[in-house]
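A short write-up of the structure that comes next.
Protein chains in written order, with this note's numbering: chain F, 1388 to 1500; chain C, 174 to 287.
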């Protein structure tokens, strides 16, 4: 079946602009995760959604970052007032449930000029 | 807090040689341990994982890893490298009991020479 998909695959924006990154998890997966992969910081956890529980936002680097998951499926990661240090690959993953294997999407490569 | 250390950001081997990628972890609770591989311009793919039970775990593409609690290690091995194994490899830990988020190591880039 289809894997995790993310859009756009690449995004170039100007400093100070807002961006929205989208993740479509594997159908039926209740858990969804966002990670960030950057040269300086490696792979970092950002946020985790599990079913109807309150999301674990402990990895969000600042209040400019937010995410929502509508209807328990699609998720959007929003970065407001982007900064150059936000440039990274943003990875989404989903899993069938808690403590199950996470399946990663191809990522969105964000470049902030 | 949990952490993962991958020794060696770059490893080079000849085709047919043993592959050994090192991973040490720190966790205050029994860990769940993972190895992921990232091929150029592709997403992360799970190679293998350890949760409970047998400490020697076999994964895809001939890779295996052994959980050694006394050494807090989860090294990845493959007896004979293939050119197609060239990629970046990430070790990760989660505590499994309380949170599902993965804590990743900094990655090891494997080069395979003919």
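Beta carbons: idealized from backbone N, C-alpha and C, even for Gly.
In this structure, how does DSSP classify residue i when only helix, strand and coil are distinguished?
i: residue 1439 of chain F; result: coil
i: residue 191 of chain C; result: coil
i: residue 202 of chain C; result: coil
i: residue 214 of chain C; result: coil
i: residue 221 of chain C; result: strand
i: residue 292 of chain C; result: Only positions 174 to 287 of chain C appear in the structure, and residue 292 of chain C is not among them; the question remains open.
Assuming residue i contacts residue j under a Cβ cut-off of 8 Å, what Cβ separation, rounded to an integer in Å, is found between them?
i: residue 206 of chain C; j: residue 266 of chain C; result: 6 Å
i: residue 1402 of chain F; j: residue 1470 of chain F; result: 6 Å
i: residue 180 of chain C; j: residue 250 of chain C; result: The Cβ separation is near 14 Å, so there is no contact.
i: residue 285 of chain C; j: residue 254 of chain C; result: 5 Å
i: residue 1464 of chain F; j: residue 1408 of chain F; result: 5 Å
Measuring CA to CA, which of the options is closest to residue i?
i: residue 1432 of chain F; options: F:1439, F:1446, F:1440; result: F:1446
i: residue 1423 of chain F; options: F:1389, F:1480, F:1485; result: F:1480
i: residue 1485 of chain F; options: F:1391, F:1411, F:1420, F:1399; result: F:1420
i: residue 1461 of chain F; options: F:1435, F:1427, F:1398, F:1401; result: F:1435
i: residue 1389 of chain F; options: F:1448, F:1398, F:1457, F:1411; result: F:1411
i: residue 1416 of chain F; options: F:1500, F:1495, F:1491; result: F:1491
i: residue 1448 of chain F; options: F:1437, F:1458, F:1456, F:1474; result: F:1474
i: residue 1503 of chain F; options: F:1488, F:1465, F:1476; result: Residue 1503 of chain F lies beyond the stretch modelled for chain F, which goes from 1388 to 1500, so this question has no answer here.
i: residue 1440 of chain F; options: F:1427, F:1426, F:1455, F:1430; result: F:1455
i: residue 177 of chain C; options: C:257, C:252, C:248; result: C:248
i: residue 291 of chain C; options: C:227, C:174, C:244, C:287; result: Here chain C comprises residues numbered 174 to 287, so residue 291 of chain C is not present and cannot be evaluated.
i: residue 189 of chain C; options: C:273, C:275, C:256; result: C:256
i: residue 1392 of chain F; options: F:1472, F:1499, F:1494, F:1444; result: F:1494
i: residue 1478 of chain F; options: F:1413, F:1458, F:1430; result: F:1430
i: residue 1418 of chain F; options: F:1497, F:1459, F:1472, F:1500; result: F:1459
Which ranges does the beta strand (DSSP E) cover as unbroken runs of at least 3 residues, wholly within the segment 225 to 283 of chain C, from first to last along the chain? 229 to 231, 237 to 241, 246 to 251, 260 to 267
Within the segment 1438 to 1497 of chain F, note down every full alpha helix (DSSP H) run reaching 4 residues or more, in order along the chain. Runs found: none.
At which residue ranges does the segment 1391 to 1444 of chain F contain complete beta strand (DSSP E) runs of 3 or more residues, listed in the order of the chain? 1392 to 1394, 1397 to 1400, 1406 to 1411, 1418 to 1425, 1429 to 1437
Give a yes or no on contact between the segment 244 to 262 of chain C and the segment 270 to 287 of chain C, applying the rule of three or more CB pairs nearer than 8 Å. yes
Would the segment 211 to 231 of chain C and the segment 192 to 201 of chain C be scored as touching if the rule is three or more Cβ pairs under 8 Å? no
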